[in-house]
Amino acid sequence: MQIKRRFIAGAVCPRCGEMDRIVMFQDEQGQFRECVSCGFKEKMVVDEGVKELETRVTQERKSDPEVQPIRFFPSPKKKSS
Numbered sequence: 254m255q256i257k258r259r260f261i262a263g264a265v266c267p268r269c270g271e272m273d274r275i276v277m278f279q280d281e282q283g284q285f286r287e288c289v290s291c292g293f294k295e296k297m298v299v300d301e302g303v304k305e306l307e308t309r310v311t312q313e314r315k316s317d318p319e320v321q322p323i324r325f326f327p328s329p330k331k332k333s334s
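In this text, residue positions in the sequence shown follow the working numbering: the first is 254, and each later residue adds one.
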């Protein structure tokens with residue numbers, strides 16, 4: 254089985270400081286990041302207890318009963334056949 258590696262744009266190697274040289278890959282032992290310039294390799298630790306930051310996109314939307322849609326034009330009347 255061939256391991257699929259993908260470059261991480263803008264990532265800087267913590268050892269050699271080179272930018273755009275970090276690849277990420279996953280195998281049976283876990284998820285890793287590796288520098289293709291100096292050989293730095295680190296296993297990624299994923300914390301399952303970390304909650305995603307709340308943004309306007311991830312917020313739960315609550316409907317307001319006072320808010321009603323506005324119609325700018327009346328709906329066209331259906332013709333009876």
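Glycine included, each C-beta is placed from N, C-alpha and C at the ideal position.
Being a predicted model, the structure only gives us computed values, none of them experimental.
Tell me whether residue i sits in a helix, a strand or coil according to DSSP, three-state version.
i: residue 296; result: strand
i: residue 303; result: coil
i: residue 258; result: coil
Have a look at residue i and residue j and give me their C-alpha separation to the nearest angstrom.
i: residue 274; j: residue 311; result: 32 Å
i: residue 305; j: residue 332; result: 52 Å
Using DSSP bridges, identify the partner residues of residue i.
i: residue 287; result: 276, 294
i: residue 325; result: Partner(s): none; residue 325 has no beta bridge.
i: residue 265; result: 272
Ordered along the chain, which non-local residues of its own chain (more than five positions away) have a Cβ less than 6 Å from that of residue i?
i: residue 293; result: 266, 268
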